[in-house]
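Just add 243 to the spot in the sequence shown (first one is 1) and you have this note's numbering.
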Amino acid sequence: MSEEIKDNGKQGLSRRSFLTGAGIMAATAAAAGLAGCSPKSASSSSSSSATGSSSSAASTSGTTVGFDGSDVMPWLGQEPTISDSDVESTLSGDVIIVGLGDSGVAAARAAAEAGAKVICFEKAAAMTSTGSDMAVLGGTTQATWGRGDGTFDEKMIVNRHMDECSHHSKYGIIKTWADKSGETLDWFIKPSSDLYLSPESYSEIPSANQANYMHPYFIPMLEHYDWTTEDLPCYPTSVGFSSLKTVMTANLNVATDKGADVHYGAPVASLIKDSSGAVTGVYAKNVSTGKYIKATAAKGVVLATGDYCSNEEMMKYYAPEVVANGIKVLALNTDTEGNFCNVGDGHKMGVWAGAQVEQWHAPMIHHMGGGAAADGRGVMGNNGYLWLNLNGERFMNEDLPGQQLENQVELAPKMTCYQFFDSKWPEQLQWFPAAHGVACYYRDTALPDYTASGLKINVRTPDDVASAVKEGRCYTSDTLDGLLSQLEGMDAATAKKSIAHYNELCKAGNDTDFFKKSTRLFALENAPFYAVKCEPALILANLGGLESDENCHVYDTDRKVIKGLYACGGVQGGRFNVQYPISLKGLSISMCLVYGKIAGENAAKQA
């Protein structure tokens, strides 16, 4: 029920630590088409459990289809019927929070601070936390790094997001995030009294502060990167945490200190509605007894249940291309019964209550480069060196952000290609973008062990490449012929011609084929030569939710507000559509916190 992809109860392992630290992936291929209007289930859909959720790794069902022109949602299942005899206890409060991930924790604290009596239900064994980064515009905290209010052109950033999401997002949602992200960060870190602010990205951190510090990204900015001149900029707005979980715990403690009643191992099965259709409470299952808790809310219920990418039937319906392309799901967190948490519980409960699911959903599949080891970093990141497909052909301007790069990889023959670089890579990294997944810092030696995981993504050392070669994740040779002969499936003859042609473009300083920036054109001519196999990345989340607005209201199929129901985080629609934008690193978590706070505040005052 929480915002993040889960890790079988190992709370120390987050999605970000998987990508930049030790991790284990659960592979669940998933996908689906566009939403129908009316909420009807199909008999062919997977049977709903007592929690209204699909199984942890939904099996492939030949009966599950995408939108077929009818009003049937084959993923929906039947709403559980719960009688008084199934209820073992009752609770009453002002605001109920369903899910304690990034957005749910923020909602719980905000509602409690607003004076509401708060009840929280989370189906995992504890509060969960994912990732480490937040995109933030302005605010007092950002001002300490010279990025306070007015530093960035808000209009440009909001419009860029709308454009990347094909204008299917709600403008009010994106604009409100931009207005409030700075003050939300200031609010969020306040309870963590021992949080240390790093002066620069890679400053040495005092030993007493290494377990809990926050850092800016790209302070100071790379000498050769000017985002204002980039075709596809990554705005330098982001901060990262050495332990986001630590700061989240401090936030949840504020709520519990103010009386919030928290129930773990308690998945919510359905919403309670009155005769007018207003949401007035929930039924939550006590997994240890099999009975239910009936909880009523005098003011509102906040859904903070996360995304659904571990629900295969929903993925087939809303993102069929993900299944068709065999994209594997990174699912790390489970509930107390061993089922994956991100299976669309809140989406189902919302639809059963009359809510409309938005049509255009955004798979989060940002490529981090090929040949990743246990730390999740690609051998040379997603850097825009020369990339060739198996036909030996260059097929794109390689200077792309991770999501757009993933889109191009999926178009390649067998969705496989190779990234090439040579021995001059240490001096070349400085010319690449200051962006997510890009190796743009060279170091002779590794970063300190305590370094925040997100900071490691952008750094490479000679030992990194040497280890990749030793482990078979990177190919190398003193000759191009020798290198090409090692690449399975590669048309070596065509590839050699493509490399020769690319070298000519590099020497001319003009990419007349695909218009790559001249400062990122590096000829392959200095042995030894290297190649890394690149295939589709993992999907981290599928972002599409209940139709909503900047006040976290939930809308029905007539686009009227459902009284008493609020949504934030992965279950809130209007935030990301078509594809996940990479122009703002850490935007998903930032929106979770901004709209978790708004949802909690508005539920408490019935706004």
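We put the beta carbon where it would ideally sit given N, CA and C, even for glycine.
Note that the structure is a prediction, hence the values are computed from the model and not measured.
Whole angstroms is fine: what's the gap from residue i's alpha carbon to residue j's?
i    : j    : result
G320 : Q599 : 16 Å
H411 : D469 : 29 Å
M611 : S720 : 24 Å
C280 : V379 : For C280, the predicted structure reports a pLDDT of 38, less than 50, and the residue's modelled location is therefore unreliable. A value from the coordinates is still provided. Going by the C-alpha atoms only, they are around 35 Å apart.
D578 : G342 : 11 Å
V681 : G697 : 12 Å
V594 : N554 : 16 Å
V401 : S441 : 28 Å
Y745 : I417 : 40 Å
E356 : D437 : 21 Å
D337 : K360 : 5 Å
L237 : G725 : An answer regarding residue 237 cannot be provided, because it is not within the stretch 244 to 850 covered by the chain.
S826 : D799 : 32 Å
G619 : N769 : 28 Å
T420 : R802 : The sequence shown places Trp at residue 420, rather than the Thr named in the question. Their Cα atoms are separated by approximately 22 Å.
T294 : I325 : For T294, the predicted model reports a pLDDT of 39, less than 50, meaning its position is unreliable; a value from the coordinates is still stated below. Whole-angstrom Cα-Cα distance: 11 Å.
G255 : S375 : Interpretation of G255 is limited by its pLDDT of 38, a score under 50 that renders its predicted location unreliable; the figure taken from the coordinates is listed afterwards. Cα-Cα distance, rounded: 12 Å.
Q849 : A368 : 30 Å
C835 : D588 : 17 Å
G715 : T722 : 18 Å
W603 : K542 : 31 Å
K534 : G508 : 12 Å
Using 8 Å as the threshold, is the C-beta distance between residue i and residue j below it?
i    : j    : result
A596 : L514 : yes
Y628 : V586 : no
I608 : E649 : yes
I448 : Y439 : yes
K516 : V525 : no
D311 : G812 : no
C477 : K699 : no
P779 : N568 : yes
H458 : C363 : no
N529 : P434 : no
V545 : A751 : no
S741 : M377 : no
A847 : A547 : no
A695 : F484 : yes
A512 : P323 : yes
Which residues in the same chain have their Cβ closer than 7 Å to the Cβ of residue i, if we skip the five residues on either side of it in sequence?
i    : result
C749 : L764, F765 and A766
N753 : S761
L465 : Q673, A677 and C683
N701 : V681, A682, C683 and Y684
Cutting at 6 Å between CB atoms, please list the residues of its own chain near residue i, excluding the five before and the five after it.
i    : result
Q651 : M639
D392 : G381
L475 : P644
Q822 : A605 and Q646
K806 : A521
S291 : At S291 the pLDDT is 36, less than 50, meaning the model places this residue with poor confidence; the figure from the coordinates comes in the next sentence. G320 and Q321, listed in sequence order.
G839 : S346, A349, A350 and C811
K501 : A355
E793 : G415, I416 and T419
Bridge partners for residue i per DSSP, in chain order?
i    : result
C660 : N632 and C777
V702 : Y684
L654 : DSSP lists no partner for L654.
Y439 : Y456
R637 : L631
Q894 : There is simply no residue 894 to check, as the chain begins at 244 and stops at 850 in what is shown.
A598 : D799
L789 : V600 and Q815
V605 : The question names Val, but residue 605 in the sequence shown is Ala. Answer is L786, bridged to A605.
D665 : F772
D851 : Beyond the ends of the chain as shown, which are 244 and 850, falls residue 851; an answer cannot be given.
D376 : G483
L319 : For L319, which the question treats as bridged, DSSP gives no partner whatsoever.
Y809 : V545 and H796
V804 : Y798
Quick one: what's got a C-beta closer than 8 Å to residue i's C-beta in the same chain, skipping five residues either side?
i    : result
T333 : I536, K537, A538 and T539
E601 : A278, H411, G787, G788, L789, E790, G816, G817 and N820
M733 : L631, L633, G635, Y661 and L727
N452 : D437 and Y439
P656 : N632, L633 and N634
If you scan the region 464-519 from start to end, which runs of the alpha helix (DSSP H) of 4 or more residues do you find wholly inside it? 487-500
Which runs of the beta strand (DSSP E) at least 3 residues long sit entirely within the region 706-735? Give them in chain order. 718-720
Can you list the alpha helix (DSSP H) stretches of 4 or more residues lying completely in the region 511-586, in chain order? 555-561 and 563-567
List, from N- to C-terminal side, the alpha helix (DSSP H) runs of 4 residues or more that fit wholly inside the region 330-374. 345-356
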